[in-house]
């Protein structure tokens, strides 16, 4: 679905990562982990075209749609909460609003052909259930139905970000790009999000420091470490086990290498000693 090949990102002399090659496939949920500042969020921004790579390429088929979790809620402040979520599905939202505009002037001028086209778009996209689905997502994220008709500005900052998370989940994309999606969520909302992602049929790419969340959701862990990225099958605990095994294997290899070096040094010392005696 998305292919990352030889990807690198540098800021002057600082290298976040280089030579990163990862294949992201439908049906998998990728937890992206690594130390602070290693480039996890930058990787998502490169995939979403918000930033450019220093080298390498990201290949995304034209038919693949991206759902990107954004943190900027200011453009929606005076918009009804339910509408903010439905706006995530741009094609349906545009078709529904244009249809309403046609109906508003129907007595004076009715564009029947365009109206029929919009009806087809709405029906094919299951648009007549969009509002109900948006409401279910909001409730799953802890925003009760009683306030869905209010403006976004009536919510606190944390709950506004929950609405933006609901927006991207309602967009029905092929790929979800989620940067710290559990921030500002309580336990019940996190569990609901886990169930939602478990049923998601596309590819989900998630930057998260919530190891329990990654244990419950991730099917692949992408580790950004030592300036490169490597994919490990399984959840976070499986990834930790693999890292421990890798470290133990490296330690054994280092011990063997040091033993060989010591053996060669001892041989060289003996050889020099024999040569010295022979000269005497």
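In the numbering used here, the protein residues as written are 2 to 281.
Beta carbons are placed, not taken as given, at the ideal position from N, Cα and C, and that holds for glycine.
On a predicted model such as this, the values are computed, not experimentally measured, just so you know.
Inset, instruction - With residue 67 as the anchor, note down where its beta strand (DSSP E) starts and where it stops. - result: In this chain, the beta strand (DSSP E) harbouring residue 67 covers 67 to 69.
Inset, instruction - Check the C-beta distance from residue 21 over to residue 204 and give it rounded, since I have them as a contact under 8 Å. - result: Contact between residue 21 and residue 204 fails: their C-beta atoms lie close to 17 Å from each other, not under 8 Å.
Inset, instruction - Quick one: grab the DSSP three-state call for residue 72. - result: Residue 72: coil per DSSP, three-state reduction.
Legend entry - Unbroken stretches of the alpha helix (DSSP H), 4 residues or longer, contained in the stretch 185 to 215: Counting only runs of 4 or more, we get 188 to 200.
Inset, instruction - Identify the continuous alpha helix (DSSP H) that holds residue 160 and give its terminal residues. - result: From DSSP, the alpha helix (DSSP H) with residue 160 extends over 158 to 171.
Inset, instruction - Would you mind sorting residue 237 into buried or exposed? The rule is 16 or more other CB atoms within 10 Å of its CB. - result: Flag for residue 237 reads buried.
Inset, instruction - Run the CB neighbour count on residue 38, radius 10 Å, all protein chains shown included, and call it buried at 16 or more, exposed below. - result: Counting Cβ neighbours within 10 Å, residue 38 comes out exposed, since fewer than 16 surround it.
Inset, instruction - Sort 84, 191, 223 by Cα distance to residue 41 and report the nearest one. - result: When 84, 191, 223 are compared, the shortest CA-CA separation from residue 41 is found for 223.
Legend entry - CB of residue 208 within 9 Å of CB of residue 180, strictly: With respect to residue 180, residue 208 sits close: the two C-beta atoms are nearer than 9 Å.
Inset, instruction - Tell whether a beta-carbon distance below 9 Å holds between residue 216 and residue 27. - result: A distance of 9 Å or more separates the beta carbons of residue 216 and residue 27.
Inset, instruction - Under the assumption that residue 11 contacts residue 55 (Cβ atoms under 8 Å), give the Cβ distance between them as a whole number of angstroms. - result: The beta-carbon separation of residue 11 and residue 55, rounded to 5 Å, stays under the 8 Å limit for a contact.
Legend entry - From 51, 60, 18, residue whose alpha carbon lies closest to that of residue 6: The residue among 51, 60, 18 with its C-alpha nearest the C-alpha of residue 6 is 60.
Legend entry - For residue 3, the first and last residue of its enclosing beta strand (DSSP E): Here the beta strand (DSSP E) through residue 3 covers 3 to 12.
Legend entry - Per-residue DSSP class, three states only, for residue 143: It is coil, neither helix nor strand.
Legend entry - the stretch 63 to 81 touching the stretch 97 to 114, judged by at least three CB pairs closer than 8 Å: No, the stretch 63 to 81 does not touch the stretch 97 to 114.
Legend entry - Residues of its chain near residue 226, where Cβ-Cβ distance is below 8 Å and the 5 sequence neighbours each way are ignored: The residues are 35, 36, 39.
Inset, instruction - Put residue 273 into one of helix, strand or coil per three-state DSSP. - result: Here residue 273 sits in helix by DSSP.
Legend entry - Delimiting residues of the alpha helix (DSSP H) encompassing residue 30: DSSP places residue 30 in no alpha helix (DSSP H) but in the uninterrupted beta strand (DSSP E) bounded by 30 to 35.
Legend entry - Endpoints, alpha helix (DSSP H) assigned at residue 104: It spans 91 to 105 - the alpha helix (DSSP H) in which residue 104 sits, taken as one unbroken run.
Legend entry - Residue from 218, 51, 152 whose Cα sits closest to the Cα of residue 75: With distances taken between Cα atoms, residue 75 lies closest to 152.
Inset, instruction - Inspect the CB distances between the stretch 111 to 119 and the stretch 134 to 148 and report whether three or more fall short of 8 Å. - result: Touching, no.
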